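First residue of the sequence shown: 1, per the UniProt record's numbering; consecutive thereafter. No residue lacks a Cβ here, since even glycine has one placed at the ideal position from N, Cα and C. Note that the coordinates shown come from a computational prediction; the quantities given were computed from them, not determined experimentally. What follows is one structure encoded as structure tokens, with my remarks underneath.
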Amino acid sequence: MLIFRIFNSQDAERILRIPISLTGKEDSYYWTHSQNGQYTVQSGYKTWMMEKNLESTRRREETGTSYEGTISKIWKTLWKQKVSQKMKVFIWKCLHGGLPVRAELHRRTRQGNPICIGCRDKEETLEHLLIQCTKAKEIWKMAPVQWDGNMELLDCFIRWWTAIMEAQQDRGREDQVNLTINILWQIWKARNDREFNYKEREPHKIIQRAMKEWTEFDEANKGNVVRKNTQETEIQQRTEQEPGQNESQTSLLIKIHTHQDKRQAIVGIGITATDSLGQIQAGWALRERLSTEPIQDQAVAVRLALLNAISQGWSSIRVELDIKELMECIKGSRQCNHMMATLMEDIQFISNQFHKCSFSFANTGIVGSIKLSLHALNIWIDEEWVNPTLRC
Ligand SMILES: [Zn+2]
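This is the structure we're talking about:
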């Protein structure tokens with residue numbers, strides 16, 4: 001089933017019906033790259049992953065430690081969990097306030113209905129949807145995981161998650177965390193089924209699906225050496241996991257362009273992925289808050305591009321940047337300030353998750369990403385186009 005919706009700012013209700021790619025690869029993909037090279041906006045979805053609005057940053061900072069420091073730590077623990085890549089990106093989005101829940105869409109567009117359709121009682125915030133909603137509570141009550149004493153942390157996902165991670169470290173409850181991630185993922189999928197397909201999933205079915213996917217993943221990964229925290233081991237493992245696939249896989253060229261709009265205090269980000277024949281295979285138009293320096297905006301864009309590539313399951317990419325200074329930062333040959341250093345650390349970390357990932361400088365052939373970055377200045381909701389038959 002393909003969902004075609006022409007997005008405009010008056011159509012917030014329609015936005016709410018558009019699924020995000022993480023939830024339903026099988027039915028929400030489409031491809032609209034037209035002959036004349038013009039992009040047609042036929043669908044949109046939310047992938048804003050790195051929202052740093054003051055309100056939520058302040059809320060997160062109330063947890064006691066610095067937001068960036070906390071995130072960086074939990075992120076690294078998250079990447080070591082034995083769950084699929086899509087679930088890691090999903091949790092990562094949750095931690096960054098990047099899930100398109102109703103309250104968030106409402107806050108951004110000032111349109112649509114922020115109320116949760118599960119209980120029709122409270123606003124659908126991330127915490128409400130995943131933990132506090134009566135629907136979520138029914139699921140957690142049945143779930144074979146126990147996180148005692150975390151009830152008072154239910155108002156902040158990051159705090160809740162940090163507590164779970166700490167419990168894992170203290171008590172060696174890795175399986176429980178992996179299952180918890182699977183359950184959160186299934187709650188989100190059930191939510192989208194309710195939201196877009198008007199289908200209600202039974203709590204015990206949600207648990208069953210989570211258990212099934214978790215055990216299947218566990219089975220599939222049995223026999224693999226326990227992942228060590230070194231790049232070499234990870235690269236070796238990925239090679240072992242993908243025998244014979246590499247012949248048919250080619251790396252995608254990713255080009256990124258950012259366009260600042262000081263009046264709106266936003267930056268439009270355009271990302272394109274082209275194959276070896278120069279055909280555009282995917283494109284993203286994303287918007288972020290303007291940061292203090294253009295180079296920082298570009299770094300944020302690179303981080304988003306890498307995460308999008310990961311969530312597509314791509315294993316081999318080449319990234320071309322059109323800002324020389326950023327290349328130098330990534331290579332470590334240029335001094336960075338604190339904010340940039342954090343971004344560089346993230347970029348290094350995510351790029352290590354690929355089988356192959358390289359960076360180079362080039363300021364040619366970026367027409368597609370420029371167009372998308374300009375387009376991004378006029379949208380409310382981030383947009384993506386992906387060739388559904390693409391393998392990389
Ligand atoms: Zn609810």
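| query | When you compare only the Cα positions, how much space is there between LEU130 and PHE196? | reply | 17 angstroms
| field | C-beta atoms of GLN81 and ILE310 nearer than 8 angstroms | value | no
| said: So GLY270 and LYS371 are supposed to be a Cβ contact under 8 angstroms. How far apart are they, rounded? | reply: 6 angstroms
| query | When every heavy atom of ligand 1 is checked, does at least one fall within less than 7 angstroms of the C-beta of HIS128? | reply | yes
| request: Identify the continuous alpha helix (DSSP H) that holds CYS357 and give its terminal residues. | output: First-last for CYS357: 356 to 361, but that is the beta strand (DSSP E), not the alpha helix (DSSP H).
| Bridge partners - residue 417, DSSP secondary structure assignment | An answer regarding residue 417 cannot be provided, because it is not within the stretch 1 to 392 covered by the chain.
| task | Kindly give me the distance between the Cβ atoms of GLN312 and ASN387, rounded to whole angstroms, as I take these residues to be in contact under 8 angstroms. | result | Between ASN387 and GLN312 the Cβ distance is about 10 angstroms, and since that is not below 8 angstroms, they are no contact.
| message | Just to confirm the assignment: which complete alpha helix (DSSP H) runs, minimum length 4, are found wholly within the stretch 59 to 144? | response | You should have 67 to 80, 85 to 95, 102 to 109, 134 to 142.
| query | Can you find a heavy atom of ligand 1 that lies under 7 angstroms from the Cβ of THR134? | reply | yes
| task | Check whether the Cβ of GLY112 lies closer than 7 angstroms to any heavy atom of ligand 1, and answer yes or no. | result | A distance criterion of 7 angstroms places the beta-carbon of GLY112 beyond contact range of ligand 1, judged by its closest non-hydrogen atom.
| field | Where LYS331 falls, given that 16 or more other Cβ within 10 Å makes a residue buried | value | Exposed: under 16 other Cβ atoms inside 10 Å.
| request: Please state whether DSSP places LYS255 in a helix, a strand or coil. | output: strand
| Cβ neighbour criterion (16 or more within 10 Å) applied to THR215 | exposed
| message | Please list the terminal residues of the continuous alpha helix (DSSP H) segment that includes ARG303. | response | 294 to 311
| query | Within 10 angstroms of its Cβ, does VAL319 collect 16 or more other Cβ (buried), or is it exposed? | reply | Its Cβ being crowded by 16 or more others within 10 Å, VAL319 is buried.
| request: Compare the beta carbon distance of LEU253 and ALA273 with 8 angstroms and say whether it is the shorter of the two. | output: yes
| task | Mind checking which residues open and close the beta strand (DSSP E) that includes GLU320? | result | 316 to 321
| query | Taking 7 angstroms as the cut-off, is the CB of LYS141 close to at least one heavy atom of ligand 1? | reply | no
| task | Return the chain-ordered list of same chain residues with a C-beta closer than 7 angstroms to the C-beta of ASN36, the five sequence neighbours on each side being excluded. | result | A caution first: ASN36 carries a pLDDT of 34, below 50, which makes its placement in the model unreliable, though a value can still be read off. Result list for ASN36: empty, nothing under 7 angstroms.
| Is there contact between the stretch 328 to 347 and the stretch 203 to 223, where contact requires at least three CB pairs shorter than 8 angstroms? | no
| message | Please state whether the Cβ-Cβ distance between PHE349 and TRP188 is less than 8 angstroms. | response | no
| query | Do ILE366 and ASP322 have their C-beta atoms closer together than 8 angstroms? | reply | yes
| Where does ASP155 fall in DSSP's three states? | coil
| query | Which term fits GLN241, buried or exposed, when burial requires 16 or more other beta carbons within 10 angstroms of its beta carbon? | reply | Low per-residue confidence applies at GLN241: pLDDT is 42, beneath 50, and the placement is therefore not dependable, though the value from the model is reported in the following sentence. Per the 10 Å Cβ criterion, exposed.
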